[in-house]
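S.K.: Got a structure for you, questions after.
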Ligand SMILES: N[C@@H](CCC(=O)N[C@@H](CS)C(=O)NCC(=O)O)C(=O)O
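The following block contains the structure:
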């Protein structure tokens, strides 16, 4: 098996989730990073017109959560109990919901109003559920799994103030989320990968 993960030359979002999962799993892969121009040429033939895409020979797998699910199931980074595995699927899907629901109107005034309302409403409910779902330090105790990496990457973008009008400290109010973030970042394979970038 010779795997290639294709994404943009950006160390964040769905690409970082998948790179971290492959790295934590110990799976060698080619880290293909496209320019915007290269992507323009490739987009029409990508499975759903988006990245990341994981290729194994002639086979191509798209959708970040499907890639994470495959890595997790084949390399022991996924719950074995079907119900718990489905809960991890739900957490990963909720991260995608978050990305799509985050309001991004063009005017800054409208963005401020919409994002503050989003933070006080949907995002607070999301954080309350996620915080309650973490058994600590990871979702399922001591074993880091792919859903933990998905959570880590979205939290990292908030902590880096990637979204105007939502403070970098927003998630500090949730103690288990805060401890979860620190534990993922301190995981030896994650820490080594991030230090190498
Ligand atoms: N639901 C998809 C979303 C894929 C997606 O929208 N990826 C973005 C990058 S994070 C992308 O390809 N943007 C460029 C484009 O849509 O042309 C997933 O989870 O992989």
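Numbering (the working numbering), first residue to last: 4 to 200. Where is the CB? At the ideal position from N, CA and C, for every residue including glycine. Fair warning: this is a prediction, and the values are worked out from it, not measured in the lab.
1. Go through the stretch 11-77 residue by residue and report every complete run of the beta strand (DSSP E) that reaches 3 residues or more, in order.
2. Restricting to Cα atoms, I'd like to know which of 181, 41, 133 is closest to residue 90.
3. Straight-line CA distance for residue 168 to residue 160?
4. On the CB-based measure, 16 or more other CB atoms within 10 Å of its CB, does residue 184 come out buried or exposed?
5. Can the beta-carbon of residue 82 be found less than 8 angstroms from the beta-carbon of residue 143?
6. Tell me the rounded alpha-carbon separation between residue 49 and residue 32.
7. Consult DSSP for residue 147 and reduce its assignment to one of helix, strand or coil.
8. What does residue 7 pair with, by DSSP beta-bridge criteria?
9. When the distance is taken between beta carbons, is residue 149 closer than 8 angstroms to residue 79?
10. Residues with a Cβ closer than 5 angstroms to any heavy atom of ligand 1, in chain order?
11. I believe residue 108 touches residue 120 by the beta-carbon criterion, under 8 angstroms. Please report the beta-carbon distance rounded to the nearest angstrom.
12. Of all the options 145, 40, 158, which has the alpha carbon lying nearest to the alpha carbon of residue 12?
13. Answer yes or no: do residue 140 and residue 194 have a C-beta to C-beta separation smaller than 8 angstroms?
14. Counting along the chain, where does the alpha helix (DSSP H) carrying residue 129 start and finish?
15. So residue 86 is in the alpha helix (DSSP H); what residue range does that whole segment cover?
16. Measuring CA to CA, which of 197, 62, 106, 47 is closest to residue 8?
17. Do you know whose CA, among 113, 24, 53, lies nearest residue 72's CA?
18. Taking all protein chains shown into account, decide if residue 174 is buried (16 or more other Cβ within 10 angstroms of its Cβ) or exposed.
M.R.: The structure says:
1. Whole beta strand (DSSP E) segments, 3+ residues: 32-37, 56-59, 62-65.
2. Here residue 90 corresponds to residue number 87 of the chain shown, with the count starting at 1. Minimum Cα distance to residue 90 is reached at 133.
3. Translated into positions along the chain shown, residue 168 becomes position 165. Translated into positions along the chain shown, residue 160 becomes position 157. Cα to Cα, residue 168 sits roughly 13 angstroms from residue 160.
4. As a first step, residue 184 must be located in the chain shown, where it is residue number 181. With 16 or more other Cβ atoms inside 10 Å of its own Cβ, residue 184 counts as buried.
5. As a working mapping, residue 82 is identified with position 79 in the chain shown. As a working mapping, residue 143 is identified with position 140 in the chain shown. Contact flag set, yes.
6. Within the chain shown, residue 49 is the residue found at index 46, counting from 1. Within the chain shown, residue 32 is the residue found at index 29, counting from 1. Those two C-alpha atoms are separated by around 19 angstroms.
7. Position 144 of the chain shown holds residue 147. Residue state for residue 147 is assigned as coil, using DSSP reduced to three classes.
8. Stepping through the chain shown from its first residue, residue 7 is reached at position 4. For residue 7, which the question treats as bridged, DSSP gives the partners 33, 58.
9. Within the chain shown, the letter at position 76 stands for residue 79. Within the chain shown, the letter at position 146 stands for residue 149. Note that the C-beta distance between residue 79 and residue 149 is not below 8 angstroms.
10. Near ligand 1, meaning a Cβ closer than 5 angstroms to any of its heavy atoms, lie the following residues in chain order: 16, 17, 53, 54, 66, 67.
11. The residue given as residue 108 occupies position 105 in the chain shown. The residue given as residue 120 occupies position 117 in the chain shown. Wrong, their Cβ atoms sit about 12 angstroms apart, outside the cutoff.
12. Here residue 12 refers to the residue found at position 9 of the chain shown. Looking only at 145, 40, 158, the smallest Cα-Cα distance to residue 12 is reached by 40.
13. Against the chain shown, residue 140 aligns to sequence position 137. Against the chain shown, residue 194 aligns to sequence position 191. Contact: no.
14. Your numbering for residue 129 matches position 126 in the chain shown. For residue 129, the enclosing alpha helix (DSSP H) starts and ends at 127-136.
15. Translated into the one-based positions of the chain shown, residue 86 becomes position 83. Element bounds for residue 86: 85-104.
16. Sequence index remark: in the chain shown, residue 8 carries index 5 (1-based). For residue 8, the closest of 197, 62, 106, 47 by C-alpha to C-alpha distance is 62.
17. Stepping through the chain shown from its first residue, residue 72 is reached at position 69. Of the candidates 113, 24, 53, the one whose C-alpha sits nearest the C-alpha of residue 72 is 24.
18. For the purposes of this step, residue 174 is identified with residue 171 of the chain shown, where counting begins at 1. Buried, because 16 or more other Cβ atoms sit within 10 Å of the Cβ of residue 174.
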